[in-house]
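Take a look at the structure set out below.
Protein chains: 2
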Amino acid sequence: MTAAPAAPGRVPNEAARLLIWIDGRLVDASDAGISPLDRGFTLADGLFETMRAYHGTVFRLDAHLRRLAAGAAILGIPVPADVPHMVAAAAGAVRDLGWADAALRLTMTRGVGPRGLAPPVGVDPTAVLTASALPPREPLPARSVRVCTATARRNEFAATAGVKTLAYVESVVALAHAHTAGDDDAIFLDTAGHVCEATSSNVFVVAGATLRTPPRECGVLPGITRAVVLELAGAMGLAAREDVIAPHDLAGADEAFLTSSIRELAPIAGVDGAQLPNGAPGPVTRRIAQAFAELVERECRP
Amino acid sequence: MTAAPAAPGRVPNEAARLLIWIDGRLVDASDAGISPLDRGFTLADGLFETMRAYHGTVFRLDAHLRRLAAGAAILGIPVPADVPHMVAAAAGAVRDLGWADAALRLTMTRGVGPRGLAPPVGVDPTAVLTASALPPREPLPARSVRVCTATARRNEFAATAGVKTLAYVESVVALAHAHTAGDDDAIFLDTAGHVCEATSSNVFVVAGATLRTPPRECGVLPGITRAVVLELAGAMGLAAREDVIAPHDLAGADEAFLTSSIRELAPIAGVDGAQLPNGAPGPVTRRIAQAFAELVERECRP
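Protein chains in written order, with my numbering: chain A, 550 to 851; chain B, 550 to 851.
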């Protein structure tokens with residue numbers, strides 16, 4: 550799988566600021582390139598990673614690839630050896646086009662299979678990579694979100710808890726409900742009633758100079774930005790730890806924020822209709838976001 | 550969407566005894582007909598139904614379509630008006646080819662969308678229909694299965710609990726683990742520890758002349774065959790009810806069996822390595838299976 554060279558003017562979908570590679574081959578967005586028998590389509594039998602490229606460099610690519618490999622081991626899907634090259638080539642194509650930032654999504658499925666759930670043997674995984682140009686990053690207050698608590702619960706007892714499989718329909722439904730209610734996102738609790746995560750972000754709660762985020766045992770996806778925030782906060786002399794968080798800890802927090810690879814940090818302005826006292830963004834959130842931006846510049850500035 | 554006429558010798562995939570329609574158009578299995586941006590592929594944002602056609606007639610098609618509509622309402626996906634026609638046309642094509650029985654799978658996704666979880670508006674759903682020829686039905690003892698209890702749990706607190714979404718990767722992983730352990734299928738418990746369902750079947754437990762199957766509250770998919778068995782058992786003078794079932798109720802049952810549209814009834818020969826005393830199949834399972842076969846003949850015989 551090798552990415553076709555991307556030259557401005559010849560690239561499909563450039564008007565839409567979207568590039569798509571299937572198994573390393575650049576295709577047009579209107580191309581129907583996936584088999585209807587692909588198990589990613591029929592059974593959500595696959596994984597994905599969403600990464601942010603800054604100036605043509607994927608932030609923490611190694612961490613994304615490690616997480617992909619860990620998920621692939623749980624599903625029993627072999628990761629094609631050229632996946633790292635595919636992602637780096639896509640980031641390079643984006644840079645050559647002059648896009649500042651881009652969202653890269655790598656989707657990897659078990660491949661095409663016959664009827665039934667049992668994983669077929671000897672099939673080749675399917676790899677799809679999309680690159681979408683991102684608008685300029687918004688300043689911190691503009692990224693603030695109001696969240697509600699989802700009525701559905703995350704399942705910390707799933708074999709795929711914390712694994713970024715294609716099974717995102719629960720998050721789709723929860724996000725649609727949140728939007729209908731006038732909120733920006735929904736916070737899932739786990740089945741024990743502890744705070745877990747938002748529909749596609751991790752959550753941090755700040756009390757005084759202490760940051761807390763739910764541990765893996767609560768079923769959270771181990772976010773790349775989440776891990777970076779834990780590192781940064783420690784280095785800044787803040788107390789930062791994984792800890793079980795009750796809903797009232799979130800509702801009564803001084804500050805809170807979401808993290809994801811695309812949104813980076815998003816301050817939480819309100820929870821279930823009530824504003825957080827030291828709202829969006831509070832001083833700790835601002836400090837972390839500033840440190841995060843500086844880290845990105847150090848690691849990704851050409 | 551109208552199904553192309555299917556004539557033997559001109560039909561793609563006839564050698565594989567597999568027919569595929571995408572949005573009503575007959576395609577070849579090697580065709581890559583799905584957009585890489587289809588939300589069924591990227592987010593498991595869709596539903597499916599697996600139906601059995603006998604002699605070219607889909608058993609309980611109306612019940613399948615009602616379940617599809619109920620799931621589509623939860624996901625907020627409009628069901629295309631010609632879906633019933635598509636399924637009936639596929640069953641007719643199968644009959645024209647002389648296949649005795651066939652597994653029909655209807656997959657319906659929200660359609661193609663841009664990046665992100667939020668459901669796009671104004672998109673057309675994608676409908677894929679596959680028909681696979683089934684081998685002659687095995688006699689009852691040959692369908693017996695040994696099951697193990699899955700270590701992962703089903704989430705009865707999901708918004709999509711009991712909805713046949715595309716998010717089947719948990720079942721894929723559990724079935725793979727069961728096969729590795731030398732078992733034929735896995736039984737999920739719900740998060741409270743009650744018996745829920747197998748990876749793609751419902752479960753019934755028989756004690757004396759009483760049949761029990763877990764209720765919707767335990768997160769089970771409301772199986773079409775499950776409903777038919779409850780009807781049949783009542784009509785036969787057996788006590789049949791939905792009831793919370795503990796793992797020791799299953800392990801200590803006189804008889805137990807799985808139900809699904811393709812496998813119909815499958816006797817459970819053993820649970821977690823221990824044989825059921827009145828094994829596979831016991832007298833009640835035999836009576837129900839016989840009544841089920843007679844019902845199918847009445848409803849589907851041309």
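C-beta atoms are modelled at their ideal positions from N, C-alpha and C, and glycine is treated no differently. All figures in this text were calculated on a predicted structure; none of them were measured in a lab.
- Taking the Cα of A838 of chain B as reference, the smallest distance to any Cα among B:L825, B:R850, B:A805, B:H613 is reached at B:A805.
- Of the residues A:G662, A:R775, A:G589, the one whose Cα lies closest to the Cα of A612 of chain A is A:R775.
- Close to chain B, meaning a Cβ-Cβ distance shorter than 7 Å, are the following residues of the stretch 706-725 of chain A: F706, A707, A708, T709, T714, L715, A716, Y717, V718, E719, S720, V721, V722, A723, L724, A725.
- Taking 9 Å as the cut-off, the beta carbon of R609 of chain B is found closer than this to the beta carbon of I773 of chain B.
- Contact of G671 of chain B with chain A is not assigned, every C-beta pair being separated by 9 Å or more.
- Under the three-pair Cβ rule at 8 Å, the stretch 688-706 of chain A does not count as touching the stretch 645-654 of chain A.
- By a beta-carbon distance limit of 8 Å, P771 of chain B does not contact E746 of chain B. Their separation comes to about 10 Å.
- Under the three-pair Cβ rule at 8 Å, the stretch 804-818 of chain B counts as touching the stretch 744-759 of chain B.
- The count of Cβ pairs closer than 8 Å, one atom from the stretch 639-650 of chain A and one from the stretch 677-691 of chain A, reaches three, so the stretches are in contact.
- Ranked by Cα distance from R703 of chain A, the options A:G582, A:V718, A:A638, A:A691 are led by A:V718.
- Close to chain B, meaning a Cβ-Cβ distance shorter than 7 Å, are the following residues of the stretch 736-759 of chain A: T740, T748, S749.
- Across the structure, E705 of chain A and V820 of chain A are spaced so that their CA atoms are roughly 23 Å apart.
- For F608 of chain A, the closest Cβ of chain B is not nearer than 9 Å.
- P816 of chain A has A:F806 as its beta-bridge partners, per DSSP.
- Put simply, the CB of V845 of chain A is far from chain B, with every gap to its CB atoms at 9 Å or more.
- DSSP places M657 of chain B in the strand class (E or B) of the three-state scheme.
- If you check the CB distance, D572 of chain A and V677 of chain A come in under 9 Å.
- Of the residues assessed, D577 of chain B falls on the exposed side of the cut-off, its CB having fewer than 16 other CB atoms within 10 angstroms.
- The continuous beta strand (DSSP E) containing F597 of chain A extends over residues 595-603.
- Taking the CA atoms as reference points, R835 of chain A sits about 14 Å from G757 of chain A.
- With respect to L715 of chain B, L624 of chain A sits apart: the two C-beta atoms are not nearer than 9 Å.
- Take D733 of chain B, set aside five residues on each side of it, and the residues of its chain with a beta-carbon closer than 6 Å to its own are V694, R695, in chain order.
- Within the same chain, and ignoring the five residues on either side of N827 of chain A in sequence, the residues whose Cβ sits closer than 6 Å to its Cβ are D803, E804.
- Here S693 of chain B carries a coil assignment [DSSP, helix/strand/coil].
- Between D580 of chain A and S579 of chain B, the C-beta gap is not smaller than 9 Å, which leaves the two residues out of contact.
- By the Cβ neighbour-count rule, A565 of chain B is exposed, with fewer than 16 other Cβ atoms within 10 Å of its own.
- Legend: CB atoms of the stretch 588-606 of chain B lying less than 7 Å from CB atoms of chain A belong to residues G589, F590, T591, L592, A593, D594.
- Rounded to whole angstroms, I569 of chain A and T759 of chain B show a C-alpha spacing of 56 Å.
- Interface criterion met: the Cβ of L624 of chain A is under 9 Å from a Cβ in chain B.
- Counting along the chain, C745 of chain A sits inside the beta strand (DSSP E) bounded by residues 744-747.
- In this structure, V777 of chain A lies away from A789 of chain A, with their beta-carbon atoms at least 9 Å apart.
- With its beta carbon at least 9 Å from every one in chain A, S809 of chain B lies outside the interface.
- For I623 of chain B, the enclosing alpha helix (DSSP H) stretches over residues 610-624.
- F590 of chain B carries a helical assignment under DSSP once its states are collapsed to helix, strand and coil.
- Assignment of beta-bridge partners to L575 of chain B by DSSP yields B:W570.
- Counting along the chain, T762 of chain A sits inside no alpha helix (DSSP H); it lies in the beta strand (DSSP E) bounded by residues 759-762.
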